[in-house]
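In our numbering, the protein residues as written are 103 to 425. For glycine and all other residues, C-beta sits at the position ideal for the given N, C-alpha and C. These numbers were taken from a predicted model, which means no experiment stands behind them. In what follows, a single structure is set out as structure tokens and then discussed.
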Ligand code: DGY
């Protein structure tokens, strides 16, 4: 029998889930959550046959150059823009992600941000806690209606469709979407969504939710020009990746009254958040918690472990990342 494969786990994970890996592999799991400094990932991958990583861990040719034995990387997350897929392909390393299990939880957070931003919920709560609430007044914290409004969705994968379903069936919203490939008609009907071009989506959305994967060609897709096409009362929600939005242009539009509100879960330089955004009242900011329910995070970790075991030859699920 050959030596057991060595696996690096970049975040502490529940013992029972890691135990399934440890049944087959030598596991080297970090003791406490940390941001791995440049060079640390390369060092950690040096003797590893497999790795279980998260969206924070950027792995490309430079890290792979130090990982001669590496055969598989399982990403705990559906987005995998942290991995240089071309470099992994070149090195013959399998990469996997965790689609499906986080769809509904992430759509829930998208809707929560949409509602919180459009109805000033976090701003109103801060104001109340600061002791500023003296009486009911006609015009305290007036927001925008969610029910009956036009919900725009950019990116109509699993998460986009789950948001559309909530808007259409739960809130009677008119749903417009734009995506790389238009959905077949039955799928559009199921979520009550109408395909439009990007300019129309920007111009007609009340809330606009970004639910598309990041790729360099979509860098700052929502820039000053795109924001200028949106309604001044609109709410922008980003649950995808920070790099899709020009955050300075967004902060300027929000500060200048050219956009109503924003709800952001992801940031270009996360965990750093731009001071220009932190200074604004009409933006709701959460720390990349789209998939952060206990059940979903466990399901993601379980699936990532299954994927890694399969890729290392201990199960049936080896595979390429799915979109
Ligand atoms: C993902 O799955 O891509 C999320 O952003 C991580 O929770």
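Near the ligand DGY: residue i beta-carbon under 7 angstroms from a heavy atom
i	result
residue 179	yes
residue 246	no
residue 204	yes
residue 390	yes
residue 157	yes
residue 393	yes
Extent of the continuous beta strand (DSSP E) run through residue i
i	result
residue 177	174-178
residue 286	From DSSP, residue 286 is part of no beta strand (DSSP E); its letter is neither H nor E.
residue 340	337-340
residue 197	196-198
Per DSSP, cross-strand counterpart(s) of residue i
i	result
residue 318	None, per the DSSP bridge assignment.
residue 253	277
residue 111	131, 154
residue 190	Residue 190 pairs with nothing; no bridge assigned.
residue 365	339, 386
residue 296	278
residue 391	The partner list for residue 391 (beta bridge, DSSP) is empty, contrary to what the question assumes.
residue 185	161
Alpha-carbon to alpha-carbon, residue j and residue i
i	j	result
residue 148	residue 115	21 angstroms
residue 415	residue 155	19 angstroms
residue 308	residue 301	14 angstroms
residue 260	residue 327	28 angstroms
residue 284	residue 297	7 angstroms
residue 124	residue 172	17 angstroms
residue 355	residue 384	11 angstroms
residue 342	residue 349	14 angstroms
residue 450	residue 409	In the structure as shown, the chain starts at 103 and stops at 425, and residue 450 therefore has no counterpart that could be examined.
residue 142	residue 134	14 angstroms
residue 127	residue 183	27 angstroms
residue 411	residue 152	9 angstroms
residue 425	residue 108	Its pLDDT being 42, under 50, residue 425 is placed unreliably in this model, and the value from its coordinates should be taken loosely. Rounded to whole angstroms, residue 425 to residue 108 spans 28 angstroms at the Cα level.
residue 205	residue 170	35 angstroms
residue 121	residue 195	24 angstroms
residue 159	residue 138	7 angstroms
residue 180	residue 238	44 angstroms
residue 164	residue 320	24 angstroms
residue 185	residue 193	13 angstroms
residue 220	residue 360	15 angstroms
residue 310	residue 174	36 angstroms
residue 111	residue 413	15 angstroms
residue 131	residue 262	34 angstroms
residue 136	residue 113	7 angstroms
residue 329	residue 358	12 angstroms
residue 227	residue 388	15 angstroms
residue 370	residue 104	44 angstroms
residue 394	residue 223	20 angstroms
residue 243	residue 167	55 angstroms
residue 417	residue 198	14 angstroms
residue 337	residue 209	16 angstroms
residue 217	residue 145	44 angstroms
residue 390	residue 368	5 angstroms
residue 253	residue 304	11 angstroms
Residue i, enclosing alpha helix (DSSP H) - first and last residue
i	result
residue 212	205-220
residue 382	Per DSSP, residue 382 belongs to no alpha helix (DSSP H) and is neither H nor E.
residue 327	326-331
residue 407	396-413
residue 356	349-357
residue 120	117-124
residue 426	This structure leaves residue 426 out entirely; the chain is present only between 103 and 425.
residue 456	The structure shown has nothing for residue 456, since the chain only spans 103 to 425.
residue 146	142-147
residue 262	260-267
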